[in-house]
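Residue numbers (my numbering): 5 to 436.
We put the beta carbon where it would ideally sit given N, CA and C, even for glycine.
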């Protein structure tokens with residue numbers, strides 16, 4: 005839909021989100037803590053290598069940033085719903101700051117460094133899930149939430165690009181443990197912003213009879229998310245494209261060697277997809293109406309991996325970079341899926357559902373990286389990426405059909421002509 009024909013309620017795009025004071029605090033806190041995490045990942049990897057001289061342990065220090073997501077997301081998801089969200093967010097930041105303090109101490113051995121890395125990673129899905137659920141309180145569960153969620157995703161993509169470069173430069177001036185001290189500061193600043201910039205809200209729900217234990221309550225939430233056909237279809241479609249899309253990024257270095265480009269080529273291959281993702285989301289969020297985004301959601305989700313089929317011809321750097329950027333731009337499908345997902349989750353389940361979503365997303369990307377690396381031990385990288393694109397497209401197309409089949413048949417709630425948000429729906433409120 006052309007910009008000039010969009011409803012007045014949709015005008016302003018991302019400006020509407022930044023007009024909300026609480027969101028500005030969440031946005032700034034997210035940027036700070038994420039930058040701290042990226043810097044700590046680089047610093048810890050370098051520190052472990054300096055202490056041990058082992059490439060395996062150095063790589064493990066980086067990989068441990070993903071592996072505990074599943075444990076934290078499944079076993080501790082209940083924290084996001086059974087405690088006041090601001091308390092959870094500030095507590096997670098303070099816990100991560102404490103872990104970073106211990107990591108920065110000269111006496112901390114390698115085993116403890118790896119254990120502390122696991123602890124920070126296990127806390128991450130609870131923090132992210134609680135923050136996503138809190139966005140629905142701050143921004144509502146309509147289009148403004150979708151745009152706010154999109155902005156946080158773009159910050160995540162940008163932080164990876166900026167953080168790795170900044171971290172590399174930073175380590176030329178300070179020691180790895182000194183960089184970890186900076187990470188402590190970013191976590192503390194994030195906690196202060198969230199404590200002073202967001203309102204206190206009550207817990208979303210209380211455990212039902214027999215769900216008193218945290219693990220029981222958390223697992224009950226996982227079962228509700230994955231046991232509901234609509235929620236399962238939505239969350240699987242949110243997980244699947246990123247799981248397959250990580251293959252070219254994970255294999256950027258060996259592919260650069262295959263096509264005969266140097267380390268600069270590796271950097272371009274690594275940056276192309278995140279840049280495409282940011283551009284795609286910016287366009288979809290700023291230029292398309294809610295209805296237009298909904299129409300393109302399933303076609304984009306089903307076809308976003310198709311450009312990677314070009315890898316089968318082993319394209320040179322000049323062609324590989326735009327191919328990756330085009331595949332990244334297809335990630336704009338997430339704006340529509342985010343809206344449908346939050347619509348389908350009862351308010352009392354949102355914290356756990358968002359935590360499960362975050363945990364599965366990170367875990368499956370780690371699995372996708374590992375499987376792509378394994379396949380590249382036996383086949384050319386170009387062949388592996390093309391095969392992943394073909395398989396991923398088939399999986400995503402099947403999931404898109406399932407999402408379409410489970411679409412609610414009742415008409416959507418009417419939107420307020422001034423805000424674009426939908427009126428409350430008592431039936432859904434009673435589900436919590």
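{"query": "Quick one: what's got a C-beta closer than 8 Å to residue 75's C-beta in the same chain, skipping five residues either side?", "result": "126"}
{"query": "Rounded to whole angstroms, what's the CA-CA distance from residue 393 to residue 284? Just pull it up for me.", "result": "19 Å"}
{"query": "Please report how far the alpha carbon of residue 343 lies from the alpha carbon of residue 146, in whole angstroms.", "result": "7 Å"}
{"query": "Which same chain residues end up closer than 8 Å to residue 432 when comparing Cβ atoms and leaving out the 5 residues on each side of it in sequence?", "result": "Note that residue 432 scores 30 on pLDDT, short of 50, meaning its location in the model is unreliable; the coordinates nonetheless yield the value given after this. Excluding residues within five positions, the ones whose Cβ falls inside 8 Å are 350, 351."}
{"query": "Please list, in chain order, all residues of the same chain as residue 238 whose beta carbon is under 7 Å from its beta carbon, the five residues on each side excluded.", "result": "341, 344, 345, 348, 407"}
{"query": "Can you give me the Cβ contacts of residue 19 inside the same chain, cut-off strictly under 6 Å, excluding the 5 residues immediately before and after it?", "result": "none"}
{"query": "On a Cα-Cα basis, can you pick out the residue from 26, 250, 92 that is closest to residue 207?", "result": "92"}
{"query": "Report the residue from 142, 246, 144, 43 whose alpha carbon sits nearest the alpha carbon of residue 181.", "result": "43"}
{"query": "By a C-beta neighbour count over all protein chains shown, 10 Å radius and 16 as the cutoff for buried, is residue 203 buried or exposed?", "result": "exposed"}
{"query": "Do residue 223 and residue 79 have their CB atoms nearer than 9 Å?", "result": "yes"}
{"query": "With distance defined between alpha-carbon atoms, name the residue in 375, 270, 133 nearest to residue 85.", "result": "133"}
{"query": "For residue 1, which residues of its own chain have a beta-carbon under 6 Å away from its beta-carbon, when the five flanking residues on both sides are left out?", "result": "Only positions 5 to 436 of the chain appear in this structure, which leaves residue 1 out of reach."}
{"query": "Counting pairs of beta carbons, one from the segment 262-279 and one from the segment 326-341, are three or more of them closer than 8 Å?", "result": "yes"}
{"query": "Could you check how far apart the C-beta atoms of residue 22 and residue 143 are, in whole angstroms? I think they sit under 8 Å.", "result": "The Cβ separation is near 11 Å, so there is no contact."}
{"query": "What separation, rounded to the nearest whole angstrom, lies between the Cα atoms of residue 24 and residue 226?", "result": "31 Å"}
{"query": "By alpha-carbon positions, which one of 367, 358, 49, 391 ends up nearest to residue 179?", "result": "49"}
{"query": "In terms of residue numbering, what span does the alpha helix (DSSP H) encompassing residue 34 cover?", "result": "25-56"}
{"query": "Please classify residue 146: does DSSP put it in a helix, a strand, or coil?", "result": "coil"}
{"query": "If you measure between the beta carbons of residue 290 and residue 102, is that distance less than 9 Å?", "result": "no"}
{"query": "Please go through the same chain and pick out, in chain order, the residues whose beta-carbon is closer than 6 Å to the beta-carbon of residue 229, but skip the five residues on each side of it.", "result": "235, 357, 360"}
{"query": "Note down the Cα distance separating residue 137 from residue 354, rounded to an integer number of angstroms.", "result": "6 Å"}
{"query": "State yes or no: is the C-beta of residue 139 within less than 9 Å of the C-beta of residue 242?", "result": "no"}
{"query": "From what residue to what residue does the alpha helix (DSSP H) around residue 73 run?", "result": "73-79"}
{"query": "Whose C-alpha, out of 337, 157, 272, is nearest the C-alpha of residue 300?", "result": "337"}
{"query": "Helix, strand or coil: which one does DSSP assign to residue 345?", "result": "helix"}
{"query": "I'd like to know if the segment 372-386 and the segment 249-264 are in contact, where contact means that at least 3 CB-CB pairs between them fall below 8 Å.", "result": "yes"}
{"query": "Got a sec? Which residues, its chain only, sit under 7 Å from residue 152 by beta carbon, not counting five neighbours each side?", "result": "21, 27, 139, 143"}
{"query": "Residue range of the alpha helix (DSSP H) that residue 201 falls in?", "result": "180-201"}
{"query": "Could you check the C-alpha separation between residue 233 and residue 412 for me, to the nearest Å?", "result": "11 Å"}
{"query": "In angstroms with no decimal places, state the Cα-to-Cα distance between residue 275 and residue 312.", "result": "15 Å"}
{"query": "Smallest Cα separation from residue 287: which of 402, 261, 155?", "result": "155"}
{"query": "Can the beta-carbon of residue 315 be found closer than 9 Å to that of residue 390?", "result": "yes"}
{"query": "Just the Cα atoms here: how many angstroms apart are residue 56 and residue 115?", "result": "11 Å"}
{"query": "Buried or exposed, going by whether 16 or more other CB atoms sit within 10 Å of the CB of residue 381?", "result": "exposed"}
{"query": "Please list, in chain order, all residues of the same chain as residue 107 whose beta carbon is under 6 Å from its beta carbon, the five residues on each side excluded.", "result": "117, 120, 184"}
{"query": "Note down, in chain order, each residue of its chain lying with its Cβ closer than 7 Å to the Cβ of residue 94, except the 5 sequence neighbours on either side.", "result": "195, 198, 199"}
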